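Beneath this line is the structure, given in structure tokens, with notes to follow.
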Amino acid sequence: MVNNHPEFKVSRCYPSQKPIAAPESTPERAAKFFIEAKEDFARGRYETSAMNCRKVIDIATKTLHLGDEDKLVRRISALRATGLITQEMADWAHIIRIDTNGAVHSDEEFTKEEVDQLLKFTEVFLTYSFTLPAMVATKREIE
Numbered sequence: 003m004v005n006n007h008p009e010f011k012v013s014r015c016y017p018s019q020k021p022i023a024a025p026e027s028t029p030e031r032a033a034k035f036f037i038e039a040k041e042d043f044a045r046g047r048y049e050t051s052a053m054n055c056r057k058v059i060d061i062a063t064k065t066l067h068l069g070d071e072d073k074l075v076r077r078i079s080a081l082r083a084t085g086l087i088t089q090e091m092a093d094w095a096h097i098i099r100i101d102t103n104g105a106v107h108s109d110e111e112f113t114k115e116e117v118d119q120l121l122k123f124t125e126v127f128l129t130y131s132f133t134l135p136a137m138v139a140t141k142r143e144i145e
């Protein structure tokens, strides 16, 4: 916090701000853009937040799927076909892909509520795809 007033000193702020973080075990680049998406949302930059959600899904699917599919639509379908994501997760990932694609190529705006849902799904996607498998792997190592 910047404190430029010579007569006053800020010692604490209430309420304290929670640090924004990505779900545990999220790959570094995906985590970076997830945090940016959350920060953009907090600042009311909904379009930027939505675009970053798409970028997170794009990076995450590239990390999860080692095939040669270059398009997000194909990676989502391939991840579903191999059982790495559920049908519901694939459906949601396609919704993010389609909605954000439409926004990029038109003048449509995202509402706060729409982006809040995109962020929530993106967080669940990262948790399911990276955090839970890491937890299972850790548990197996212990036993």
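Going from the sequence shown to this note's numbering is simple: count from 1 and add 2. No residue lacks a Cβ here, since even glycine has one placed at the ideal position from N, Cα and C. Small disclaimer: the values here were computed from a predicted structure and weren't measured.
Do residue i and residue j have their C-beta atoms closer together than 8 Å?
i, j, result
"L121", "S51", "yes"
"S80", "G69", "The amino acid occupying residue 80 in the given sequence is Ala; Ser does not appear at that position. Yes, Cβ-Cβ distance for A80 and G69 is below 8 Å."
"E116", "E49", "no"
"F35", "K20", "no"
For residue i, does the count of other Cβ atoms within 10 angstroms reach 16, so buried, or fall short, so exposed?
i, result
"D109", "exposed"
"R99", "buried"
"D60", "buried"
"R77", "buried"
"H67", "buried"
"D101", "buried"
"E143", "exposed"
If residue i and residue j are in contact, beta carbons under 8 Å, what's the gap, nearest whole angstrom?
i, j, result
"F132", "S27", "4 Å"
"A33", "A24", "4 Å"
Length at least 4, wholly inside the region 23 to 100: the alpha helix (DSSP H) runs in chain order = 30 to 44, 48 to 66, 74 to 83
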